[in-house]
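This report concerns only the one structure given below.
Numbering (our numbering), first residue to last: 828 to 949.
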């Protein structure tokens with residue numbers, strides 16, 4: 828993963844440790860993305876999805892949702908299923924929330940700025 832993809836994974840890991848989902852806008856803000864709603868992040872997110880899957884880690888992108896939603900949008904699910912097969916998204920989210928993300932030095936979310944981690948009602 829490149830530095831932006833790693834920062835995305837760290838941000839999502841921090842949200843997971845707080846048992847909260849993340850929006851595309853929050854992810855975009857966390858990495859200084861140039862679109863206010865995170866449009867155009869899909870290639871970066873797909874790399875994150877595959878990199879974590881290759882390492883046998885839970886799919887952090889399963890907790891990335893549109894504002895006001897609890898599950899990824901159908902277009903995002905196509906990417907997720909393309910990498911992971913026909914998964915149960917609720918079970919995948921539980922796995923993401925239960926995993927100890929601090930156990931991975933390269934994804935240690937402490938590096939993410941605290942102001943970016945404020946929970947936004949979903």
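No residue lacks a Cβ here, since even glycine has one placed at the ideal position from N, Cα and C.
{"Query": "Of the residues 833, 924, 890 and 882, the one placed nearest residue 848, counting alpha carbons only", "Result": "890"}
{"Query": "Residues near residue 944 in its chain [Cβ-Cβ closer than 6 Å; skip 5 each side]", "Result": "With a pLDDT of 46 at residue 944, under the threshold of 50, the modelled position of that residue is not reliable, and no figure is offered here."}
{"Query": "Counted within 10 angstroms of its Cβ, other Cβ atoms place residue 901 as buried (16 or more) or exposed", "Result": "exposed"}
{"Query": "Simplified DSSP assignment, three categories, for residue 850", "Result": "strand"}
{"Query": "Of the residues 927, 896 and 836, the one placed nearest residue 868, counting alpha carbons only", "Result": "836"}
{"Query": "Three-pair Cβ contact test at 8 Å for the stretch 898-918 versus the stretch 852-860", "Result": "no"}
{"Query": "Nonlocal neighbours in the same chain, by C-beta distance under 8 Å from residue 916, ignoring five residues either side", "Result": "889, 898, 899, 904 and 907"}
{"Query": "CA nearest to the CA of residue 871, picked from 934, 829, 931 and 843", "Result": "829"}
{"Query": "Candidates 862, 846 and 931, of which the one nearest residue 883 by Cα", "Result": "931"}
{"Query": "Local Cβ density within 10 Å of residue 834, reported as buried at 16 or more and exposed below that", "Result": "buried"}
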